[in-house]
Amino acid sequence: MKIASVLNKLRHSIHNYYVFYADSTDLLEKAQEKLRPLPEGLRMVKLTYENKHLYKCRIGDMDKLLQCSVNGELWVVVDDDNIIVAFHYGTYRGNRSIFNNVKNCDFEHVSLEVDKRYQRKGIALHLLYHTVKNLKYDDVKNKRLGTCIKPSNTKSIKLHELIGFKKSHRVILFHIRRKKDGRYTFINIPRYNI
Numbered sequence: 010m011k012i013a014s015v016l017n018k019l020r021h022s023i024h025n026y027y028v029f030y031a032d033s034t035d036l037l038e039k040a041q042e043k044l045r046p047l048p049e050g051l052r053m054v055k056l057t058y059e060n061k062h063l064y065k066c067r068i069g070d071m072d073k074l075l076q077c078s079v080n081g082e083l084w085v086v087v088d089d090d091n092i093i094v095a096f097h098y099g100t101y102r103g104n105r106s107i108f109n110n111v112k113n114c115d116f117e118h119v120s121l122e123v124d125k126r127y128q129r130k131g132i133a134l135h136l137l138y139h140t141v142k143n144l145k146y147d148d149v150k151n152k153r154l155g156t157c158i159k160p161s162n163t164k165s166i167k168l169h170e171l172i173g174f175k176k177s178h179r180v181i182l183f184h185i186r187r188k189k190d191g192r193y194t195f196i197n198i199p200r201y202n203i
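My numbering applies: residue 10 is where the sequence shown begins, and numbers increase by one.
The following block contains the structure:
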């Protein structure tokens, strides 16, 4: 029984991703054409350790999200009751993310999630657009963005291609998550740079 458990964990540690790239200027132009206003009662907020006590999260672990975005940006969409219904985070050149070291682009878009009740309302596009529009341009050299998307995530692939992301290549990696000193760290073998 123990061997089966170990084999199952190993199987779930192997991941396939497509790597996508976009130019931030092109992305902003294409996204702006498709952008709709946020639905009534929702607003965009930059989440930090200082203001996290003001919000409740339905769709993820807020502390884990903040840990992952220490060297990047964490934007959320909240409703009138200050409940987070969507989030997006990413990280800048030279910093570590969950998946890769960001070297060949300025900003890695790491994760975007929208509560099921709010999907198909343009919120994901709004989050992507807002994040790119508000990048710290001191940390941005060539205005290139990158992301990894699982081949099975067709909704995300369509959204990214709609606003100018282009598929570059496919990567397969062995992904290990471990907790050290109360923080999650991630090891990927082999190590790919976005």
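C-beta: ideal position from N, C-alpha, C; glycine also. Since this is a predicted model, take the numbers as computed values, not measurements.
DSSP places S161 outside both helix and strand once states are collapsed to three, so it counts as coil.
Under the three-state reduction of DSSP output, R45 falls in the coil class, being neither helix nor strand. By DSSP's assignment, G50 forms no beta bridge with any residue. If you look at L136, you'll find it isn't in any beta strand (DSSP E); it sits in the alpha helix (DSSP H) that goes I132 to K142. At the C-beta level, I181 and F29 stay beyond 8 angstroms of one another. DSSP, read as helix, strand or coil, puts R126 in helix. Residue pairing by DSSP puts C66 in a beta bridge opposite I93. Cβ neighbours of I132 within its own chain (closer than 6 angstroms, five residues either side excluded): V86, A95 and V123. Per the Cβ contact rule, the stretch 21 to 40 is in contact with the stretch 152 to 166 (3 or more Cβ pairs under 8 angstroms). As the crow flies, the alpha-carbon of K130 is around 45 angstroms from that of K11. Under the 10 Å beta carbon count, F116 is surrounded by 16 or more other beta carbons and is classified as buried. As the crow flies, the alpha-carbon of K55 is around 14 angstroms from that of I92. Sixteen is the threshold: since fewer than 16 other Cβ atoms of the shown chains lie within 10 Å of the Cβ of G50, the residue is exposed. Ranked by Cα distance from I68, the options R153, K175 and Y127 are led by Y127.
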